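These protein sequence lines map, in sequence, to chains R and C.
FYI, the numbering for the first sequence is 1 to 239, going by the UniProt record's numbering.
FYI, the numbering for the second sequence is 1 to 239, going by the UniProt record's numbering.
Ideal Cβ positions, reconstructed from N, Cα and C, are used throughout, including at glycine.
In this text, all values refer to a predicted model and were calculated from it rather than measured experimentally.
Reading through the structure tokens given below for one structure.
There are 2 protein chains.
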Amino acid sequence: MQYITIKEGVASLIDRGELTANKKLPTERALAEQFQTTRVTLREALTTLEAEGKIHREDRRGWFVSPPSMIYDPTSTNNFNVMASKCGFVPSSKLIQAKQVGASQEVAELLNVPVDTQVYRIDRLRMLDDRPVVVTFNYVIMENFPGLLEHDIESSLTDVYRDQYQKPYAKTHFQIKTSSLLGETAQLLRASTGSPAMLVQRVNYCAEGVLLDCDIEFWRPHAIKIESTASVITTTKNN
Amino acid sequence: MQYITIKEGVASLIDRGELTANKKLPTERALAEQFQTTRVTLREALTTLEAEGKIHREDRRGWFVSPPSMIYDPTSTNNFNVMASKCGFVPSSKLIQAKQVGASQEVAELLNVPVDTQVYRIDRLRMLDDRPVVVTFNYVIMENFPGLLEHDIESSLTDVYRDQYQKPYAKTHFQIKTSSLLGETAQLLRASTGSPAMLVQRVNYCAEGVLLDCDIEFWRPHAIKIESTASVITTTKNN
DNA sequence: GAGTGGTCTAGACCACCGT
DNA sequence: CGGTGGTCTAGACCACTCA
């Protein structure tokens with residue numbers, strides 16, 4: 001298992017400080033020569049390091065040492081900007097598109113509406129210190145937010161919900177699993193097709209329990225650490 | 001991007017029902033021939049499908065169609081057995097080892113104690129329908145549970161905490177990120193070295209806020225879907 | 001013992017990035 | 001435009017699984 005040795009070799013380059021956060025690793029051909037192996041085996045080693053979040057790829061640009069990840073609390077109403085700032089990053093957002101669409105099967109299930117129900121769809125790319133880290137797809141129940149697309153929705157939807165419509169989030173249901181990045185989502189994140197991803201799906205409700213929207217988020221795994229505290233509901237023994 | 005086509009080809013075999021849950025895929029050589037490619041490219045395709053949770057590898061045994069995943073609520077005190085049963089699986093556990101050790105750097109930070117503080121360490125392998133899905137490492141503050149190792153700790157620590165010591169969980173702090181499986185952990189899960197994993201770390205407290213234990217869990221990604229509902233704490237605008 | 005997956009070699013071509 | 005990463009080929013050997 002030569003690739004494990006190589007993996008540890010590269011990891012020690014990082015731990016020893018010869019490679020620092022956001023720095024590009026040497027070219028694959030140079031690393032392959034340095035570790036006396038071929039590119040295929042080298043990439044096996046780098047892919048494993050990537051799975052551990054220590055390094056990541058930028059499509060056609062090479063491998064980079066991953067900086068500390070942002071702490072993401074799915075149970076908080078804090079939006080991306082607030083969570084990023086708390087972790088010492090400079091957040092930014094880019095609106096990819098915003099339009100009215102019919103709900104797909106997946107979205108219809110999340111929003112608990114029939115397929116093809118008209119909803120607002122808002123696609124955004126978000127960055128930390130100008131590094132793209134997540135693509136979000138929001139789907140919004142139209143009747144709760146008439147004329148939503150006329151507001152400034154690039155930065156924070158939660159702010160608009162609260163300030164323009166007096167409908168802040170009060171409850172959220174979230175799902176987290178692993179996935180992969182494909183197509184335009186991968187491109188926006190400067191990731192190679194098929195790169196691993198963290199998939200976060202949320203359904204958000206306001207104080208009265210009314211369903212407001214859902215969002216589907218594709219995160220670069222190295223950029224996120226999910227963290228939260230919960231007071232647990234003790235269930236009876238016979239549950 | 002031939003491997004994307006192959007990936008979709010294999011995915012459609014599954015969606016069309018030609019391959020069903022827990023069934024072994026044809027051998028790599030057979031699939032490579034079927035899709036007119038080499039094993040290297042085929043494995044690229046299968047690895048991407050694995051990242052999406054549709055299939056998984058068992059070390060030296062081949063690729064298998066992944067069954068539905070278990071829904072895991074990190075904010076719940078429900079233990080593994082309860083969560084598994086709710087999802088229709090038959091849970092089982094195997095005690096790997098239980099002993100007294102000095103806290104490592106990582107564990108010391110989680111438990112907020114000095115390095116080398118004596119703690120109980122309990123390693124277990126847990127299965128759904130006899131498929132190994134997670135390896136858990138529990139580290140327990142000794143003074144809260146004197147003589148803990150004399151109880152039946154194979155199945156459920158939370159039950160022992162509650163029934164034998166009257167100290168149920170009341171609060172939990174959790175972290176989730178991606179990682180990879182190595183060494184004995186990989187072997188226990190019948191996974192290949194370097195396979196992707198979901199890493200869940202928890203710190204658990206009792207009602208009085210006393211820190212009880214922490215656990216570090218390495219999950220097979222295909223076997224778990226994290227899901228929870230939270231009433232969110234609305235923060236002020238100037239936070 | 002046959003066949004499988006795990007690992008590795010030694011190349012190749014191309015599109016694209018950065019200069 | 002040179003060099004890089006993305007992708008692919010056509011093999012090989014070995015340890016291990018399974019029949």
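Which stretch, first to last residue, makes up the alpha helix (DSSP H) that contains residue i?
i	result
R/R29	E28 to Q34
R/S85	F80 to K86
C/V115	Segment: none, C/V115 is in no alpha helix (DSSP H) and carries neither H nor E.
R/G194	Taken as a continuous stretch (DSSP letters only), R/G194 belongs to no alpha helix (DSSP H), as it is neither H nor E.
R/L182	That residue, R/L182, is in no alpha helix (DSSP H); it is neither H nor E in DSSP.
In angstroms with no decimal places, state the Cα-to-Cα distance between residue i and residue j.
i	j	result
R/Q175	R/R29	40 Å
R/L31	R/P67	21 Å
R/L212	R/N204	6 Å
R/V210	C/E109	41 Å
C/I216	R/D130	33 Å
R/H151	R/V160	7 Å
R/L69	R/V133	Strictly speaking, residue 69 of chain R in this sequence is Ser, with Leu absent from that position. When rounded, the distance between both Cα atoms is 10 Å.
R/Y169	R/R162	8 Å
residue 282 of chain C	C/R121	The displayed coordinates of chain C run from 1 to 239. Any statement about residue 282 of chain C would go beyond what the structure contains.
C/S231	R/C206	10 Å
C/S180	C/A51	12 Å
C/Q187	C/R220	12 Å
C/T38	C/T75	45 Å
R/Q164	R/A197	33 Å
R/L149	R/T158	14 Å
R/G9	C/E18	43 Å
C/D59	C/S93	20 Å
R/R57	R/S192	7 Å
R/N144	R/I96	23 Å
C/Y72	R/K7	31 Å
R/L111	R/Y139	8 Å
R/T172	C/A21	31 Å
R/R16	R/Q105	49 Å
residue 269 of chain C	R/Q118	Within the shown structure, residues of chain C are numbered from 1 to 239, placing residue 269 of chain C beyond reach of any answer.
C/T77	C/S156	11 Å
C/T27	R/I226	37 Å
C/N238	R/V82	Note that C/N238 has pLDDT 41, beneath the 50 cutoff, so the model's placement of it is unreliable and no number is given.
R/G62	C/T185	30 Å
C/G102	C/E154	21 Å
C/P91	R/V200	26 Å
R/D116	R/C214	15 Å
R/F89	R/H222	15 Å
Using a Cβ-Cβ distance under 8 Å, would residue i count as near chain C?
i	result
R/M70	no
R/Q187	no
R/A84	no
R/A230	yes
R/V10	no
R/F35	no
R/Q175	yes
R/T236	Here the model assigns R/T236 a pLDDT of 44, short of 50, so the residue's position is not dependable, and the following value carries that caveat. Answer no: the Cβ-Cβ gap between R/T236 and chain C never drops below 8 Å.
R/T38	no
R/T48	yes
R/S156	no
R/T178	yes
Does residue i get closer than 8 Å to chain R when you measure Cβ to Cβ?
i	result
C/I4	yes
C/A170	yes
C/E52	yes
C/S66	no
C/S192	no
C/T75	yes
C/M1	yes
Could you please give the first and the last residue of the uninterrupted beta strand (DSSP E) stretch that includes residue i?
i	result
R/Q97	P91 to G102
C/Q166	Unbroken run through C/Q166: none, as it is neither H nor E.
R/E58	I55 to E58
R/V40	Where R/V40 is concerned, there is no enclosing beta strand (DSSP E), although the alpha helix (DSSP H) it sits in stretches over R39 to A51.
Task: Segments assigned beta strand (DSSP E), at least 3 residues, entirely inside the region 199-227 of chain C - done: 211-219
TODO: At 3 residues or longer, and completely inside the region 128-159 of chain R: list those beta strand (DSSP E) runs for me, N to C.
DONE: 131-141
- [ ] With 7 Å as the limit, tell me which residues of the region 210-227 of chain R have their beta carbon closer than that to any beta carbon of chain C; keep them in chain order.
- [x] P221, K225, I226 and E227
TODO: Compile a chain-ordered list of the residues in the region 194-205 of chain C whose CB is closer than 7 Å to at least one CB of chain R.
DONE: G194, P196 and M198
- [ ] Counting only runs of 4+ residues fully inside the region 1-30 of chain R, write out the alpha helix (DSSP H) ranges in chain order.
- [x] 2-15
TODO: Closer than 8 Å, Cβ to Cβ, to anything on chain R: give me those residues from the region 81-105 of chain C, in chain order.
DONE: V82
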